[in-house]
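Counting from 1, position 179 in the sequence shown corresponds to residue 203 in this note's numbering; the numbering is continuous, with no gaps.
Since the structure comes first, as structure tokens, the remarks are kept for the end.
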Amino acid sequence: MKRRNLIKSLSLLPFTAAMPSQLFGKSGSNVSAVETGENIFRSLGVEPLINCRGTFTIIGGSIERPEVRAAMEAAAHNFVQYDELGDAVHAKIAEVTQAEWALVSAGCAAGMKHVTAACVTGGNPEKLICIPNLTGFEKTEVIIPAGSRNVYDHSIRNIGVTIIEVNTPEELVKAVNKKTAMIYIMADDPADNDAPLSLVNIVRLTKAQNIPILVDAAAEVLTIPNIHLQRGAHMVAYSGGKAICGPQCAGFVIGQKDILMSAWQASAPHHGPCRDNKVGREEMLGMLAAVQAWTTRDHKQEWKTWLSWLDLISKRVTKISGISTSVFEPVSYSNRSPVLRISWDPNKFNITGEEVAEEFGRNKPRIAVGSMSKDNITGINITTGQMQPGEAEQVAERVYNFMSQTRTAKNNDLKAPAVSLTGTWKFDIQFFSSKSAHQITLTQDGNWLQGSHKGDFSTRECVGTIEGNEIKLKSQERQAADNLTYIFSGTVAGETMSGNIHMGEYRTATFTATRTQNKRPRQKIFVPQGPPLAT
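And the structure:
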């Protein structure tokens, strides 16, 4: 039943009649309910993990503070008119942060998208409903310094604007014109004010044109008064699910009121290009609660607690001869929480930090940790910001027990290759819901492979190995703000290959490949003895 027709049918029924099984499910269903409490993930067959990695969305971001959960629970019991709620919440966040106005969004990237729409439309709904077709718009360009290009600027590009990338102050000045809607930059530190394209310098170079400047401070701690607004930014965007420990699916922007009012107009519940970035009343109240809680949290005590956890882990793991530790205390505003670096000689322990991180991340008890290897030293990093009470002891024991194990030295000799892969191979790739034809050309030197990988739109370098009949290939490229990696693994049999492709955050695909037989006919070459006599 279509949603519109369903609503009509409900309006014609008394309340008791408006509860058919098609709406609420049949009673006595044998489908078990999802368990609540700490086993909720395991009831779905998903093993949770201890977060010693940081506020990465792909592992859950941050843990919401009790004040946030309480506010969200309270908001869930009543209905409210969203514009009235938005005005009230935005005014309150602005008051707390000492900004002119605020906007709650469905994450930092959504806030960036709404602000871009606002700078393009100026709050004009006739323009809003045309996005992403900007034909006839006065403002259609967004300037981004090359150093600020990142995977999140998709949210800006989604509006349909043309991105103008600049590398120098001179290029910035030249790029500013009557079509410039906005300048976007990643947050920088006040200590970097002298950098050529620092916020301060961008403000100085564009102040006369009054171009709105949006600062992406997603992972930063909140500063009050705001350091970016004080230095001339018009708007600053934050994630709710990082340092502030608010709702994971929310964020907020603070700054110039008229632009943020236009940004709210562009966002849900209003129809238009940003309707897909809906934020619920629960998240709006949760975001406000997180901002308010930020001003009352004992940040110094939190830091001391984090250091005490790292000290506990360090004392335990350094009982192993050959293990050393050091604590890194970042002073920058982004991703600010202390990190314990646990390092060792991989030749003594016969294991690398990358291998330890993989083991910890895949097997119980699961722990997400960082890793590093440099100059014959390898190790793992323990980031404290999202660790919870009682987890330091578990982490200490996990690292101690695993690193105490004796491992034999690895045999790094490679098996002799079964075949030569030199040549051009046609790859048929099966993605989740489509197929694509790629081409990889390889040159083989013993076990080592190198060549080129021609994808759908570009060609990039490819490297790899062959051991026996097992192949591993890797290609990597950067397009605009995106990094795309293909890791092929499989087997070769004669003139065919098959296997799997690991694509990082884009998950997996499968492939089959055949060597192409495109030998050119042999032909003698005639060399003229002088200039042509006809053309």
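Just so it is clear, CB atoms sit at the ideal spot from N, CA and C, and this is done for glycine as well.
These numbers were taken from a predicted model, which means no experiment stands behind them.
I need the DSSP call for residue i, collapsed to helix, strand or coil.
i	result
residue 211	coil
residue 532	strand
residue 314	helix
residue 258	coil
residue 119	helix
residue 360	coil
residue 441	strand
residue 514	strand
residue 519	coil
residue 539	strand
residue 187	strand
residue 527	coil
residue 132	helix
residue 249	coil
residue 86	coil
residue 295	coil
residue 166	strand
residue 238	strand
residue 558	coil
residue 486	strand
residue 198	helix
residue 551	coil
residue 560	The question about residue 560 has no answer, for the chain in this structure spans 25 to 559.
residue 477	strand
residue 353	coil
residue 379	helix
residue 232	helix
residue 244	strand
Our contact map puts residue i next to residue j with C-beta atoms below 8 Å; I'd like the distance itself, whole angstroms only.
i	j	result
residue 527	residue 515	At roughly 20 Å, the Cβ-Cβ gap does not stay under 8 Å, so residue 527 and residue 515 are not in contact.
residue 133	residue 176	5 Å
residue 448	residue 463	6 Å
residue 517	residue 453	Not confirmed; about 19 Å, so no contact.
residue 572	residue 77	Absent from the model: residue 572. The displayed extent of the chain is 25 to 559, so no value can be given.
residue 344	residue 427	6 Å
residue 265	residue 272	4 Å
residue 475	residue 465	5 Å
residue 83	residue 75	6 Å
residue 143	residue 283	7 Å
Cutting at 6 Å between CB atoms, please list the residues of its own chain near residue i, excluding the five before and the five after it.
i	result
residue 367	348, 401, 403
residue 610	Shown here, the chain extends from 25 to 559; a query on residue 610 therefore has no answer.
residue 147	286, 289
residue 551	none
residue 23	The displayed coordinates of the chain run from 25 to 559. Any statement about residue 23 would go beyond what the structure contains.
residue 424	340, 341
residue 493	442, 515, 516
residue 213	356
Residues bridged to residue i by DSSP?
i	result
residue 447	466
residue 405	365, 394
residue 335	Beta-bridge pairing links residue 335 to no other residue.
residue 348	367
residue 492	441
residue 75	392
residue 507	502
residue 263	275
residue 454	459, 534
residue 126	278
Which residues in the same chain have their Cβ closer than 7 Å to the Cβ of residue i, if we skip the five residues on either side of it in sequence?
i	result
residue 186	164, 165
residue 112	none
residue 116	312
residue 549	none
residue 17	This structure does not reach residue 17, given that the chain is present from 25 up to 559, and the question cannot be answered.
residue 135	127, 129, 261, 275, 276, 277
residue 479	462
residue 123	250, 253, 278, 279
residue 189	168, 170, 173
Identify, in the order they occur along the chain, each residue of the same chain with its Cβ nearer than 8 Å to the Cβ of residue i, setting aside the five sequence neighbours on each side.
i	result
residue 388	71
residue 545	none
residue 422	384, 389, 391
residue 152	141, 145, 289, 290, 296, 297
residue 336	416, 417, 420
- prompt: How do the segment 378-391 and the segment 286-302 stand: do at least 3 beta-carbon pairs fall below 8 Å, yes or no?
  reply: no
message: Does the contact criterion of 3 or more C-beta pairs under 8 Å hold for the segment 146-165 versus the segment 115-130?
response: no
- prompt: Between the segment 298-307 and the segment 340-354, do three or more beta carbon pairs fall short of 8 Å?
  reply: These segments do not touch.
query: Does the segment 95-110 touch the segment 243-251, meaning 3 or more C-beta pairs lie closer than 8 Å?
result: no
The segment 499-506 touching the segment 409-427, judged by at least three CB pairs closer than 8 Å: No contact exists between the segment 499-506 and the segment 409-427.
message: Under 8 Å, with one C-beta from each stretch per pair, do the segment 224-231 and the segment 77-91 reach the 3-pair mark?
response: no
message: If contact is defined by three or more beta carbon pairs under 8 Å, each pair taking one atom from either stretch, is the segment 435-445 in contact with the segment 470-482?
response: Contact between the segment 470-482 and the segment 435-445 is established, with three or more Cβ pairs separated by less than 8 Å.
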